[in-house]
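Numbers 325 to 656, taken from the numbering used here, label the letters of the sequence shown in order.
C-beta: ideal position from N, C-alpha, C; glycine also.
These numbers come from a predicted model, not from an experiment.
All remarks here apply to the structure that follows.
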Amino acid sequence: MNNRILELLEQQQGEGYLSGELLSQELRISRTAIWKQIKKLESAGYQIEASRRLGYRLVGRPSKLTPQSLALKLQEMNVSMISGIRLFDEVDSTQNIAHRLAEDGAPEGTLVIAEQQTNGRGRMGRKWVSPAGKGIWMSFVLRPGMPIHFAPQLTLLTAVALCRALRAAAQPLDIGIKWPNDLLIGGKKISGILLESTAEEERLRYVIAGVGISVNLTADDYPPELLDIATSLRIQLGKPLDRSEIIAGFFAQFQQLYAIYQREGFSPIQMLWEALSVTLHKPTRLFIDGAETIATPIGLSEQGALLARKDDGTVVPLFSAEQLLPAGDNRS
């Protein structure tokens with residue numbers, strides 16, 4: 325059904341709108357059913373302009389990623405860390421696929437990308453809005469071979485690489501990092517990072533780094549309740565961006581920082597993270613040891629914990645984002 329509607333819209337393209345009545349007669353279904361099928365096409369990344377008086381017209385098609393175009397962009401930016409690319413039209417979660425590949429022995433740098441996720445997830449199992457053809461939904465395999473307690477540092481490294489890449493791709497947007505794994509513009513989330521690790525004898529066997537970036541989503545792609553807290557690069561810039569360039573830019577930054585990290589340790593990453601943070605030096609409501617308190621985040625520890633100074637001068641390390649209470653939280 326969707327294919328037939330798309331075929332009719334494409335035939336009409338350049339000649340104006342195709343009325344809902346004509347579509348209904350051609351397909352022998354109700355106008356309500358036509359509207360539902362149009363919504364399915366939009367969720368697949370097609371841009372369809374609707375007019376109550378005139379009907380529908382096709383104004384844009386989804387911009388699909390291809391392994392060839394992505395490999396070319398990676399080569400142009402001298403990215404050598406990617407050992408293989410697995411690109412899917414639709415998956416439940418790129419994290420799940422990357423985990424299975426890693427268990428089967430996939431090498432470091434194996435990259436999984438999907439045009440759409442039906443069950444994309446963030447931290448604590450939270451769902452992630454990931455419509456077709458509009459964002460970057462990817463996971464990649466790391467095999468750092470280090471003690472498990474270093475895993476949080478890799479999350480912070482990934483955040484720095486992503487923030488630097490997005491700032492370069494989406495100038496002049498002021499993009500910052502909210503500890504530990506979100507990127508924000510003006511307080512609204514544009515990207516999330518999820519690192520999941522598997523260890524053996526206290527050492528990391530592998531790490532799956534998941535990155536979701538809201539690149540070309542429009543306001544219509546978000547549930548109404550998320551519009552106050554989430555946004556996209558397209559909404560903020562007023563124009564779409566090339567997803568292949570953003571992916572390649574991110575891995576160029578990650579490759580450089582990962583090499584520095586393996587050579588010099590966490591200290592250089594720590595300084596970069598603190599310079600890009602939107603969390604530091606602002607009095608914040610915290611939930612520590614079962615009680616709420618006010619403290620000011622002042623930096624990172626060597627382990628990657630967020631250090632917060634309480635009113636009495638004591639400094640406490642925070643290891644979970646759930647310890648930072650959002651505005652309006654009535655927890656006591």
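Delimiting residues of the alpha helix (DSSP H) encompassing residue 560: 557-561
Under three-state DSSP, which class holds residue 458? coil
For a quick check, are the C-beta atoms of residue 344 and residue 370 less than 8 Å apart? no
Go ahead and label residue 363 buried or exposed: buried means 16 or more other beta carbons lie within 10 angstroms of its beta carbon, across all protein chains shown. exposed
For residue 568 and residue 639, I'd like the C-alpha separation in whole angstroms. 43 Å
Please report the straight-line C-alpha distance between residue 338 and residue 349, rounded to a whole angstrom. 22 Å
Residue 473: buried (16+ other C-beta within 10 angstroms of its C-beta) or exposed? exposed
For residue 342 and residue 333, believed in contact at Cβ under 8 Å, the rounded distance: 6 Å
Where the alpha helix (DSSP H) containing residue 621 begins and where it ends: Note, residue 621: premise wrong, no alpha helix (DSSP H); beta strand (DSSP E) at 615-624.
Are the beta-carbon atoms belonging to residue 528 and residue 482 less than 8 Å from one another? no
Could you please give the first and the last residue of the uninterrupted beta strand (DSSP E) stretch that includes residue 570? Careful: residue 570 lies outside any beta strand (DSSP E), inside the alpha helix (DSSP H) at 567-588.
Counting along the chain, where does the alpha helix (DSSP H) carrying residue 592 start and finish? 591-600
With H, G and I counted as helix, E and B as strand and the rest as coil, what does DSSP make of residue 389? coil
From residue 622 to residue 537, what does the alpha carbon distance come to, in whole angstroms? 27 Å
Buried or exposed: which applies to residue 429, given that a residue is buried once 16 or more other Cβ atoms fall within 10 Å of its Cβ? exposed
Residues in the same chain with beta-carbon distance under 8 Å from residue 372, minus the five sequence neighbours each way, listed in chain order, please. 333, 362, 365, 366, 380, 381, 382 and 383
For residue 484, name the three-state secondary structure that DSSP assigns. helix
Could you tell me which of 546, 462, 360 and 487 sits nearest to residue 506, measuring between CA atoms? 487
Using only alpha-carbon positions, find the residue among 458, 578 and 532 that is nearest to residue 426. 532
Where residue 340 and residue 434 are concerned, what is the direct C-alpha to C-alpha distance, given to the nearest angstrom? 45 Å
Which value, in whole angstroms, describes the spacing of the CA atoms of residue 556 and residue 571? 15 Å
Candidates 636, 598 and 416: closest to residue 502 by CA position: 598
Do the segment 600-607 and the segment 456-463 make contact, defined as three or more Cβ pairs closer than 8 Å? no
Alpha-carbon spacing of residue 399 relative to residue 586, whole angstroms: 23 Å
Give the straight-line distance between the Cα atoms of residue 535 and residue 462, rounded to the nearest whole angstrom. 5 Å
Specify, as a first and last residue, the run of the alpha helix (DSSP H) that residue 349 falls within. 344-351
Determine the burial state of residue 540: buried for a count of at least 16 other Cβ atoms within 10 Å of its Cβ, exposed for fewer. buried
Member of 580, 328 and 407 whose CA lies at the smallest distance from the CA of residue 358: 328
Hey, residue 562 and residue 492 are a contact pair by Cβ (cut 8 Å); roughly how many whole angstroms apart? Actually they are not in contact, since the Cβ atoms of residue 562 and residue 492 sit about 18 Å apart, beyond 8 Å.
Determine the burial state of residue 471: buried for a count of at least 16 other Cβ atoms within 10 Å of its Cβ, exposed for fewer. exposed
Kindly indicate which three-state DSSP category residue 468 falls into: helix, strand or coil? coil
From the DSSP output, which residues share a beta bridge with residue 374? 380
In terms of residues, what are the limits of the beta strand (DSSP E) holding residue 632? 630-634
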